[in-house]
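Trainee: Here the protein sequences line up with chains V, A, P and Y, keeping their order. Every letter in the first sequence is one number past the one before it in our numbering, and letter 104, counting from 1, is 104. Offset between the second sequence (1-based) and our numbering: plus 1000. Offset between the third sequence (1-based) and our numbering: plus 2000. Offset between the fourth sequence (1-based) and our numbering: plus 3000. Where is the CB? At the ideal position from N, CA and C, for every residue including glycine.
Protein chains: 4
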Amino acid sequence: MPRRITLITTGGTIEKTYDDLTGELSNRKTLIRRMLGELRIEGTEVQILELMSKDSLDLTDEDRGRIVDAVRLAGIDSQTSGCSGVVILHGTDTLAETGELIYREVSGLVGPVVLTGAWRPFEMKRSDALQNLTEAIFAAGVLEPGVYCVAHGQVHRFPGVSKDRERKTFVSRRPALSAPD
Amino acid sequence: MPRRITLITTGGTIEKTYDDLTGELSNRKTLIRRMLGELRIEGTEVQILELMSKDSLDLTDEDRGRIVDAVRLAGIDSQTSGCSGVVILHGTDTLAETGELIYREVSGLVGPVVLTGAWRPFEMKRSDALQNLTEAIFAAGVLEPGVYCVAHGQVHRFPGVSKDRERKTFVSRRPALSAPD
Amino acid sequence: MPRRITLITTGGTIEKTYDDLTGELSNRKTLIRRMLGELRIEGTEVQILELMSKDSLDLTDEDRGRIVDAVRLAGIDSQTSGCSGVVILHGTDTLAETGELIYREVSGLVGPVVLTGAWRPFEMKRSDALQNLTEAIFAAGVLEPGVYCVAHGQVHRFPGVSKDRERKTFVSRRPALSAPD
Amino acid sequence: MPRRITLITTGGTIEKTYDDLTGELSNRKTLIRRMLGELRIEGTEVQILELMSKDSLDLTDEDRGRIVDAVRLAGIDSQTSGCSGVVILHGTDTLAETGELIYREVSGLVGPVVLTGAWRPFEMKRSDALQNLTEAIFAAGVLEPGVYCVAHGQVHRFPGVSKDRERKTFVSRRPALSAPD
């Protein structure tokens, strides 16, 4: 039986597309199918839930409530669910805020919830989008139950994750999961 | 303190380059620096060990002995080493053979040894090279001590791994590490 | 003796870069060396003149005057110059305006002046930047003296060129140079 | 009325594909539709004629006869044809031989016949395939009647073209079309 993960899309830089009439990048639709089309994911069924397409600076409390609901809906808090993990595509600006909320609101997780995003849109060359998506899907299959931020080869466990604007990556107040003792 | 992994290159399809005089693909040198140049690995120091550049069908017993020695040298069998994991780039044809040998020969592992490769060379468009390298580096940071094959979103633990020529990926006799029970 | 062309950069969508702090695309510097690095131009010496980095909607009369001066400086109006053609990277919004000005102001051309730009920045996947640059450099070597706009496989000769916002390409009032009679 | 060109595919390095079972590059089918899918060609109707898929070292006299026939069929030797030019994708090893044959055998050309190829397959990163195809299609629209080899920003007119194995490009005994006098 293949492992099954739920992939929730919310927008963010990772999914921004270019409008050649206005010359602007913005969130219009999810790019997750094109991204997955460039990866080979074997032995895992990825169920896509297109929740919203928003810059994460524009997310409202209600939007975040819907994300929490979607995590619950994925059955990741239920022993009877076939779902073994959740991946959430999210803008980096408020990813940590959403992660903290899921950490507080969703109890009894039986699998990992992994948030990720990108500093450069998938549609741009030299984007970190595919790397981070690859890592997040992989993490959703191997990490123990909990809420995580995964990007740039690093795992950060909630609570205590934040965006480091200067270093252009995520950091955590506590040591990374995988650091040697 | 950043985590440290050792990355051993041996050749294989993943590192094959095109010779525009002969029109052939072959192993001439490692491409690992160019591959890493397309990834952002934060919080991890990757130490590269260029061991050999060979099609894995051409590996001799002596070559495999050198790979086993390199794994030991990485200190992954020693509590005093700062190395938290090993990644090995390897041709897919005999990757499983090398993995089984490491599994039998190297005891007392204190971190994961992760073998990976690719079905399409890194130098080709739509290659699985960067995905598999991304996953292998990530796995080297989060898996428990043991010998693994990582590719296409899957983790296979030695012993019992083999190449599935028809499905063009690796499979294992026992359930994947992360499969739901 | 190799042919010599002068390549003048002025900015425009083709040269816009992404700022991962602000999430915006804008003209900061020329990308011409990176673009040329992806092409093989043999038998032609390309002399680069970095003139300005501006969205073409922001070009002033003075800016356009500098472009006209640069075309003259390239010696394309002089029999004694070794320069056999000029390429100008330019934003598409006012490319036609600049082309008309060069057509009116620079007399006695001994080689072609070729303006080009792109609808998607070079830094984005599926950009038309390299195609249009390739065509413009090629055109600068084979067209007869005159002022042209070259993009998307088409040659339009000034005067009478305009941007077609709906079809997202350039058009001309008179038949294209190469149309069958 | 849009200009119309005929694009004849014969194989060669430009169209080689990778077989991940054997690990070899060879000519199996044309890639012309995928190549054209990465270009924007406006105002020109490209009619594709898939003639053969062969390494040009394997072309027989009969194969070359079929290429000559296809050029004639394109109507490029006829005033009544709507075709304004022909592009031929060809292996570089014997491209010059085929070009010389067309030059000798097809008289009364009313448009240009442009042969091109690549040193790296289209399926590889950093290939010269798209550049050369772009130039060849452009050349087919602007050059005067004659038989040409176009690649790497250069135009070589038959007779007198050859492959320079050392410099990895084409050269001609007489000065390039566009060289300054």
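Going by C-alpha to C-alpha distance, which of P/2054, P/2107, P/2142 and P/2123 sits closest to residue 2084 of chain P?
Mentor: For the purposes of this step, residue 2084 of chain P is taken as the residue at position 84 of the third sequence. Checked all of P/2054, P/2107, P/2142 and P/2123; the closest Cα to residue 2084 of chain P is P/2142.
Trainee: Bridge partners of residue 2151 of chain P, per DSSP?
Mentor: For the purposes of this step, residue 2151 of chain P is identified with residue 151 of the third sequence, where counting begins at 1. Answer by DSSP bridge pairing, in chain order: P/2154.
Trainee: Quick one: which chain P residues come within Cβ less than 7 Å of residue 3152 of chain Y?
Mentor: Numbered from its first residue, the fourth sequence carries residue 3152 of chain Y at position 152. Against chain P, the beta carbon of residue 3152 of chain Y has neighbours under 7 Å at 2040, 2041 and 2042, listed in chain order.
Trainee: So that I know if they touch, is there some Cβ in chain P lying closer than 9 Å to that of residue 134 of chain V?
Mentor: Translated into positions along the first sequence, residue 134 of chain V becomes position 134. For residue 134 of chain V, the answer is no, since every Cβ of chain P falls outside 9 Å of its Cβ.
Trainee: So residue 1158 of chain A contacts chain V; which residues on that side make the cut at Cβ distance below 7 Å?
Mentor: Translated into positions along the second sequence, residue 1158 of chain A becomes position 158. Ordered by position in chain V, no residue passes the 7 Å Cβ test against residue 1158 of chain A, which lies about 16 Å from the chain.
Trainee: Among residues of its own chain, excluding the 5 on either side of residue 3180 of chain Y, which ones have a beta-carbon nearer than 6 Å to its beta-carbon?
Mentor: The sequence position of residue 3180 of chain Y within the fourth sequence is 180, counting from 1. Its pLDDT being 37, under 50, residue 3180 of chain Y is placed unreliably in this model, and the coordinates cannot settle the point.
Trainee: Round the Cβ separation of residue 3057 of chain Y and residue 3094 of chain Y to the nearest angstrom and send it over; I've been treating them as touching at under 8 Å.
Mentor: Sequence index remark: in the fourth sequence, residue 3057 of chain Y carries index 57 (1-based). Sequence index remark: in the fourth sequence, residue 3094 of chain Y carries index 94 (1-based). Contact holds; Cβ gap of about 6 Å.
Trainee: Per the DSSP calculation, residue 163 of chain V is bridged to which residue(s)?
Mentor: As a working note, residue 163 of chain V is residue 163 in the first sequence. According to DSSP, which records beta bridges pairwise, residue 163 of chain V is partnered with V/170.
Trainee: Could you work out which residue in V/110, V/98 and V/129 is closest to residue 60 of chain V when comparing CA atoms only?
Mentor: As a working mapping, residue 60 of chain V is identified with position 60 in the first sequence. Of the listed residues, the one whose Cα sits closest to residue 60 of chain V is V/98.
Trainee: Tell whether a beta-carbon distance below 9 Å holds between residue 3042 of chain Y and residue 2167 of chain P.
Mentor: Within the fourth sequence, the letter at position 42 stands for residue 3042 of chain Y. Within the third sequence, the letter at position 167 stands for residue 2167 of chain P. Going by C-beta atoms, residue 3042 of chain Y is nearer than 9 Å to residue 2167 of chain P.
Trainee: Name the residues in the region 3107 to 3139 of chain Y whose C-beta lies less than 7 Å from a C-beta of chain A; which are they?
Mentor: 3119, 3120, 3123, 3124 and 3125
Trainee: Name the two residues that bound the continuous alpha helix (DSSP H) containing residue 1032 of chain A.
Mentor: Residue numbering aside, residue 1032 of chain A sits at position 32 when the second sequence is read from its first letter. Run containing residue 1032 of chain A: 1032 to 1036, per the alpha helix (DSSP H) assignment.
Trainee: Along the region 74 to 100 of chain V, what residues have a CB closer than 7 Å to any CB found in chain A?
Mentor: Flagged, chain order: 82 and 84.
Trainee: Under 8 Å, CB to CB, which of the residues in the region 15 to 49 of chain V have a partner in chain P?
Mentor: 16, 18, 20, 21, 23, 24 and 25
Trainee: Could you name the residues of the same chain whose beta carbon sits closer than 7 Å to that of residue 2030 of chain P, not counting the 5 residues immediately before and after it, in chain order?
Mentor: The residue labelled residue 2030 of chain P in the question sits at position 30 within the third sequence. A distance below 7 Å between beta-carbons, with the five flanking residues on each side excluded, links residue 2030 of chain P to the following residues of its chain, in chain order: 2009, 2015, 2050 and 2053.
Trainee: With a cut-off of 9 Å, does the C-beta of residue 2142 of chain P fall near any C-beta of chain Y?
Mentor: Within the third sequence, residue 2142 of chain P is the residue found at index 142, counting from 1. Taking Cβ atoms only, chain Y reaches closer than 9 Å to residue 2142 of chain P, which makes this a yes.
Trainee: Within 9 Å (strictly less), CB to CB, does residue 179 of chain V reach chain A?
Mentor: The count along the first sequence starts at 1 and reaches residue 179 of chain V at position 179. Here the model assigns residue 179 of chain V a pLDDT of 40, short of 50, so the residue's position is not dependable and the matter cannot be decided.
Trainee: In chain order, what residues of the same chain have a beta carbon less than 6 Å from the beta carbon of residue 2115 of chain P, not counting five sequence neighbours either side?
Mentor: Counted from its first residue, the third sequence places residue 2115 of chain P at position 115. If we look at residue 2115 of chain P and ignore the five residues flanking it on each side, its Cβ neighbours are 2088, 2090, 2095, 2099 and 2149.
Trainee: For chain A, is any of its Cβ atoms less than 9 Å away from the one on residue 3168 of chain Y?
Mentor: Start at 1 with the first residue of the fourth sequence, and residue 3168 of chain Y comes out as number 168. Yes, its Cβ sits closer than 9 Å to a Cβ of chain A.
Trainee: Along chain V, in chain order, which residues have C-beta atoms closer than 7 Å to that of residue 2013 of chain P?
Mentor: Locating residue 2013 of chain P in the third sequence gives position 13, counting from the first residue. Neighbours of residue 2013 of chain P on chain V, chain order: 23.
Trainee: Residues of chain Y with CB closer than 9 Å to the CB of residue 2155 of chain P, please, in chain order.
Mentor: The residue given as residue 2155 of chain P occupies position 155 in the third sequence. Chain Y residues near residue 2155 of chain P: 3138, 3141 and 3142.
Trainee: Threshold first: 3 residues or longer. Then list the beta strand (DSSP E) segments lying entirely within the region 1050 to 1134 of chain A, N to C.
Mentor: 1083 to 1089 and 1112 to 1116
Trainee: Please check the pair residue 134 of chain V and residue 1134 of chain A, which I expect to be a contact at CB under 8 Å, by giving their CB distance rounded to whole angstroms.
Mentor: Sequence index remark: in the first sequence, residue 134 of chain V carries index 134 (1-based). Sequence index remark: in the second sequence, residue 1134 of chain A carries index 134 (1-based). With 8 Å as the limit, residue 134 of chain V and residue 1134 of chain A qualify as a contact, their Cβ atoms being about 5 Å apart.
Trainee: Who are the near neighbours of residue 2071 of chain P in its chain, counting only those whose CB is closer than 7 Å to its CB and skipping five residues on each side?
Mentor: Residue numbering aside, residue 2071 of chain P sits at position 71 when the third sequence is read from its first letter. So the qualifying residues of the chain are 2086, 2102, 2106 and 2113.
Trainee: Under the rule that 16 or more other beta-carbon atoms within 10 Å means buried, what is residue 123 of chain V, buried or exposed?
Mentor: Within the first sequence, the letter at position 123 stands for residue 123 of chain V. Flag for residue 123 of chain V reads buried.
Trainee: Span of the beta strand (DSSP E) holding residue 1040 of chain A?
Mentor: As a working note, residue 1040 of chain A is residue 40 in the second sequence. Neither: residue 1040 of chain A is in no beta strand (DSSP E) and is coded neither H nor E.
Trainee: Residues bridged to residue 2011 of chain P by DSSP?
Mentor: Counting from one through the third sequence, the residue named residue 2011 of chain P turns up at place 11. Residue 2011 of chain P pairs with P/2054.
Trainee: Do residue 2151 of chain P and residue 2169 of chain P have their beta-carbon atoms positioned less than 9 Å apart in this structure?
Mentor: Your numbering for residue 2169 of chain P matches position 169 in the third sequence. Your numbering for residue 2151 of chain P matches position 151 in the third sequence. Yes, Cβ-Cβ distance for residue 2169 of chain P and residue 2151 of chain P is below 9 Å.
Trainee: Which residues of chain V have a Cβ atom closer than 8 Å to the Cβ of residue 2165 of chain P, listed in chain order?
Mentor: As a working mapping, residue 2165 of chain P is identified with position 165 in the third sequence. Those within 8 Å of residue 2165 of chain P in chain V are 21.
Trainee: Do you know whose CA, among Y/3020, Y/3032, Y/3038 and Y/3007, lies nearest residue 3073 of chain Y's CA?
Mentor: Residue numbering aside, residue 3073 of chain Y sits at position 73 when the fourth sequence is read from its first letter. Sorting Y/3020, Y/3032, Y/3038 and Y/3007 by C-alpha distance to the C-alpha of residue 3073 of chain Y places Y/3007 at the top.
Trainee: At what residues does the beta strand (DSSP E) containing residue 3022 of chain Y begin and finish?
Mentor: As a working note, residue 3022 of chain Y is residue 22 in the fourth sequence. Careful: residue 3022 of chain Y lies outside any beta strand (DSSP E) and carries neither H nor E.
Trainee: Distance check for residue 3004 of chain Y and residue 2173 of chain P, CA to CA, integer angstroms please.
Mentor: The residue labelled residue 2173 of chain P in the question sits at position 173 within the third sequence. The residue labelled residue 3004 of chain Y in the question sits at position 4 within the fourth sequence. Residue 2173 of chain P and residue 3004 of chain Y: Cα-Cα distance of roughly 20 Å.
Trainee: Using CA coordinates, which residue listed in Y/3036, Y/3068 and Y/3128 is at the minimum distance from residue 3092 of chain Y?
Mentor: The residue labelled residue 3092 of chain Y in the question sits at position 92 within the fourth sequence. Minimum Cα distance to residue 3092 of chain Y is reached at Y/3128.
Trainee: How long is the line joining the alpha carbons of residue 3178 of chain Y and residue 3138 of chain Y, rounded to whole angstroms?
Mentor: Within the fourth sequence, the letter at position 178 stands for residue 3178 of chain Y. Within the fourth sequence, the letter at position 138 stands for residue 3138 of chain Y. Summary for residue 3178 of chain Y: the model assigns pLDDT 49, below 50, so the residue's position carries little reliability; its value from the coordinates is reported in the next sentence. Residue 3178 of chain Y and residue 3138 of chain Y: Cα-Cα distance of roughly 15 Å.
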